[in-house]
Every structure is written in structure tokens, then in C-alpha cells.
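Trainee: Residue numbers for the first sequence follow my numbering, beginning at 77 and rising by one.
Note that the Cβ used here is the ideal one computed from N, Cα and C, for glycine as well.
Please read all numbers here as calculations on a predicted model, not as lab measurements.
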Amino acid sequence: MTSSPADSHRTREPVASLPRRDLFRLIADWFDEHRRDLPWRRPSVSPWGVLVSEVMSQQTPVGRVAPAWVEWMETWPTPADLATADPADVLRAWGSLGYPRRALRLQECAQAITDRHNGRVPGDPELLRALPGIGEYTAAAVASFAFGQRIRVLDTNIRRVIGRVISGEFDQRPSSTAAERSLADSLLPASAGDSVIWNEGIMELGALICTARSPRCDDCPLAAHCTWNVEGRRVPEVRRSPVQKFAGTDRQLRGRVMKHLRQATGAAASEADLQRAAATDDARFARILQSLLTDRLVHRVPTGSAGDAAIALGPPPRAVR
DNA sequence: AAAGCGGGGCC
DNA sequence: GGCCCAGCTTT
């Protein structure tokens, strides 16, 4: 006789009656055994290294971040190193991680840490939150992972795990609701040390087991207690808004221009070359180029010869007098 | 609250 | 071809 998740729930203990301490223990033990050996999890990694890893991981899968992080940290080990780097080198090192504005924000963040915090990453979540490119998630992640503080961390993984395990459904809307934040607060272990393990462990569980697409519930330490699993894994009732298109969008064309500039041998490229790289018409290319200029991802360089300005990577250099 | 912002891998 | 990814900023 086979047993489906739906008809075997009577033999299981629902999460509502599972002591929080036991829930923590299940996650902590699983994490202890299955945690990935990510480079920024080595004990010697500085808070700055953790911050860099978090910014790189904003909307980029961790597997693609790891090699870029290693190279980046060898090149610019401290905020002061990155603060004074050539922005073009920063954008090249960012490579194809995506959303290159993040690279500029990260350098601005390094400059702000150098200027406002004596070159040391602040541990106060509010000070972190005030830094360029650091939002609520990243501030909490750095406070928790780099400084060991007891603070709620809520990313897409943790939202999904908590939603499924506790509520039986995952609210896929892009930002968390007050109810989700309150629920996450109520689950956070009392001690700072346990709260860090909780945050890391539940996030890792979401990344490796309780994935969005095809969750591996057979390998999940919470399977017997998970509301979503026990109730038959219904489709979520709260759907995310449609994922933004990429093919054919300005974003894709911007990406082509940036890629060409990263790989250009010289310091700059002609607009004609860039339009060929973008493979689009005049009006479209003009719009793309203007948006990149506005974002300070590129700047014009004078070429002496009339008319044909060249384009170079990064924000315009500061006026030197 | 919604839109804009890369790019690769997987189904 | 759609979906998803350790989100943030601007409007």
C-alpha cells in the first residue's frame, strides 16, 4: 500500500505542535551536514568579504558568484582597496554577474565605508542599510553572518521555506508582507548564536532542498512536519507577478553594449561599433546609450576628430584641475 | 505599489 | 520559451 503525503499526515506531527526548539534542531543538524563549502563561509573571511558576497548574490545564483568573489577579493581585499580602484576595472571584474549597476554601488559602498566608518564595515543594521546598494535584506544578512547578531533575515529562500512549512503556501509576491515578517520574527531563536545558524540553515535549505521549481522533499529534514508537504503540495495560491522578459528588451541590449566594452581591447569603442554589438536600429541604440550614460555605466571620451565621440566603460572621470 | 535593471541554467 | 535566482533603487 502506497502512502502519499496527503493521506499519511495523521502519522506525522504537524509543525504547529512541533516545539520551536525541535524545529531549530532539525535545521541545525541538517545544515551541519549539508552546508556548501562556499568561499565566503571560511572563518577567516572579513565582514567586508561577507558584504561583497551578499551584494554579488542579489539576483545572481550563488554558483556563479563564487569564482567571481574569489578573484574580486584577491584584487580588492578591503574597502579602501576598492574605493580607489578604476571603475572600469571594477565593471570588468564584475563580468557577467548581471545588473552592473550593483558593481558601481558596491564601489560607492566601499567609498562610504572608507569615508564614514574609518574603513571598517559597520555592524549596526541601520548604518548598513544607509550604505549604497544595501537594502533591508543585505543589511540583515551582514549583521547576522558577519557580526553574529540576532536579527531576522528574510530572503526569497527563507520566505519560501517558512511559507511552505508553516503556512502551507508560498506568497510569491516580490516583497515580504508584514505577516511574513512577523512570522519570521516569531521563529527566530532566542540566542544570537542560534539565530545565525537558523538564518544560514533555513536559507541553505531553501537553496538546496526546498527549491522553487522542483523541491526535493524526500531529502528534507522537515518533510514530516511541513504543512505544504503533508497537505499534498498544493500549488501556491498567491502567485508572483509575471517574471520580466529579457529577450528583446532594452536590458538585453544594454547587456550587449556593456559586454562589448568589457572585452574591448582599447580604452573605448566607437558608437558605430557599439551599435553593431547591440544589433539594433538607430533610435533604439540612441535610447540604450543614453540610459547607460545616465546610469554612469559608460561615459563619452573626446576624440579630437570632429563628430565621432567614443564611449568608455564606467562613470566620467572626476574633473581634474 | 510598480517598474526597471543581466544573464545563465534548467525544465 | 518560460521560470528562477542570498534584491535595490527610483518613480
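Who are the near neighbours of PRO176 in its chain, counting only those whose CB is closer than 7 Å to its CB and skipping five residues on each side?
Mentor: For the purposes of this step, residue 176 is identified with residue 100 of the first sequence, where counting begins at 1. If we look at PRO176 and ignore the five residues flanking it on each side, its Cβ neighbours are LEU167, TRP170, MET334 and LEU373.
Trainee: Decide if ASN194 is buried, meaning its Cβ has at least 16 other Cβ atoms within 10 Å, or exposed.
Mentor: Here residue 194 corresponds to residue number 118 of the first sequence, with the count starting at 1. By the 10 Å Cβ count, ASN194 comes out exposed.
Trainee: Rounding to the nearest angstrom, what Cα-Cα distance links ASP247 and LEU230 in this structure?
Mentor: Residue mapping note: residue 247 aligns to position 171 of the first sequence, counting from 1. Residue mapping note: residue 230 aligns to position 154 of the first sequence, counting from 1. Spanning the two alpha carbons is a distance of roughly 13 Å.
Trainee: Are the Cβ atoms of ALA353 and HIS336 separated by less than 9 Å?
Mentor: The residue labelled residue 353 in the question sits at position 277 within the first sequence. The residue labelled residue 336 in the question sits at position 260 within the first sequence. Yes, these two residues count as a Cβ contact at 9 Å.
Trainee: Let's test the definition: count the other Cβ atoms within 10 Å of the Cβ of THR379 and tell me whether it reaches 16, buried, or not, exposed.
Mentor: Position 303 of the first sequence, counting from 1, holds the residue named residue 379. Classification of THR379: exposed, given that the 10 Å Cβ count is below 16.
Trainee: Just confirm the distance between the C-beta atoms of PRO155 and TRP124, as a whole number of angstroms; I'd bet it's less than 8 Å.
Mentor: One-based indexing of the first sequence puts residue 155 at position 79. One-based indexing of the first sequence puts residue 124 at position 48. Contact holds; Cβ gap of about 6 Å.
Trainee: Going straight from the alpha carbon of PHE107 to that of GLU280, what length do you get?
Mentor: For the purposes of this step, residue 107 is taken as the residue at position 31 of the first sequence. For the purposes of this step, residue 280 is taken as the residue at position 204 of the first sequence. Computed Cα separation, rounded: 7 Å.
Trainee: With a threshold of 8 Å on Cβ separation, who are the neighbours of TRP274 within its own chain once the five nearest residues in sequence on each side are excluded?
Mentor: Reading the first sequence from its first residue, position 198 is the one you call residue 274. Excluding positions up to five away in sequence, the list reads PHE100, ILE103, ALA104, LEU263, LEU264 and PRO265.
Trainee: Assign HIS301 to one of three DSSP states: helix, strand, or coil.
Mentor: Indexing the first sequence from 1 puts residue 301 at position 225. Here HIS301 sits in coil by DSSP.
Trainee: Considering only their Cβ atoms, is the gap separating VAL197 from ALA217 smaller than 9 Å?
Mentor: Translated into positions along the first sequence, residue 217 becomes position 141. Translated into positions along the first sequence, residue 197 becomes position 121. Cβ atoms of ALA217 and VAL197: not closer than 9 Å.
Trainee: Report back the beta-carbon spacing between ARG235 and SER258 to the nearest angstrom; my notes put them in contact at under 8 Å.
Mentor: Residue numbering aside, residue 235 sits at position 159 when the first sequence is read from its first letter. Residue numbering aside, residue 258 sits at position 182 when the first sequence is read from its first letter. Rounded, the Cβ-Cβ distance is 13 Å, inconsistent with contact.
Trainee: Let me check understanding here. Comparing Cα to Cα, which of ARG363, GLN183, LEU298 and VAL138 lies closest to GLN328?
Mentor: Taking the first sequence and counting its residues from 1, one reaches residue 328 at position 252. Comparing Cα-Cα distances from GLN328 to each of ARG363, GLN183, LEU298 and VAL138, the minimum goes to ARG363.
Trainee: Cβ of ARG118 within 9 Å of Cβ of GLU276?
Mentor: The sequence position of residue 118 within the first sequence is 42, counting from 1. The sequence position of residue 276 within the first sequence is 200, counting from 1. Contact flag unset, no.
Trainee: Work out the CA separation of ARG394 and PRO297 for me, nearest whole Å.
Mentor: Looking up residue 297 in the first sequence gives position 221. Looking up residue 394 in the first sequence gives position 318. Distance between the alpha carbons of PRO297 and ARG394 is about 55 Å.
Trainee: Could you tell me the distance, in whole angstroms, from the CA atom of ALA92 to the CA atom of GLN134?
Mentor: Taking the first residue of the first sequence as position 1, residue 92 is located at position 16. Taking the first residue of the first sequence as position 1, residue 134 is located at position 58. Between ALA92 and GLN134, the C-alpha separation is close to 32 Å.
Trainee: Among TRP148, ARG97, PRO95 and ASP98, which has the Cα closest to the Cα of PRO115?
Mentor: The count along the first sequence starts at 1 and reaches residue 115 at position 39. Considering only alpha carbons, the answer is TRP148.
Trainee: Is the distance from the Cβ of THR303 to the Cβ of VAL237 below 9 Å?
Mentor: Here residue 303 refers to the residue found at position 227 when the first sequence is read from its first residue. Here residue 237 refers to the residue found at position 161 when the first sequence is read from its first residue. No, the Cβ-Cβ distance between THR303 and VAL237 is not below 9 Å.
Trainee: Under 9 Å, do LEU369 and LEU350 count as touching if we go by C-beta distance?
Mentor: By 1-based counting over the first sequence, the position of residue 369 is 293. By 1-based counting over the first sequence, the position of residue 350 is 274. Not a contact, by the Cβ cut-off of 9 Å.
Trainee: For GLU286, collect the residues of the same chain with a Cβ closer than 7 Å to its Cβ; drop the 5 residues on either side in sequence, then sort them by chain order.
Mentor: Residue mapping note: residue 286 aligns to position 210 of the first sequence, counting from 1. Position check: residue 286 holds Cys in this sequence, whereas Glu was assumed. Result list for CYS286: ARG236, VAL237, ARG240 and CYS296, in chain order.
Trainee: Using only the alpha-carbon positions, how far apart do ASP83 and ASN305 sit?
Mentor: Looking up residue 83 in the first sequence gives position 7. Looking up residue 305 in the first sequence gives position 229. In this prediction, ASP83 has a pLDDT of 38, which is less than 50 and means its spatial position is unreliable; what the coordinates show is noted afterwards. For ASP83 and ASN305, the distance between alpha carbons rounds to 11 Å.
Trainee: Who are SER346's beta bridge partners in DSSP?
Mentor: To locate residue 346, count along the first sequence from 1; it is residue 270. DSSP output for SER346 lists ALA386 as bridge partner(s).
Trainee: Please classify GLU256: is it buried, with 16 or more other beta-carbons within 10 angstroms of its beta-carbon, or exposed?
Mentor: Translated into positions along the first sequence, residue 256 becomes position 180. Sixteen is the threshold: when 16 or more other Cβ atoms of the shown chains lie within 10 Å of the Cβ of GLU256, as they do, the residue is buried.
Trainee: Can you look up VAL374 in the DSSP assignment and give me helix, strand or coil?
Mentor: Position 298 of the first sequence, counted from the start, is the residue given in the question as residue 374. VAL374 falls in the strand class under three-state DSSP.
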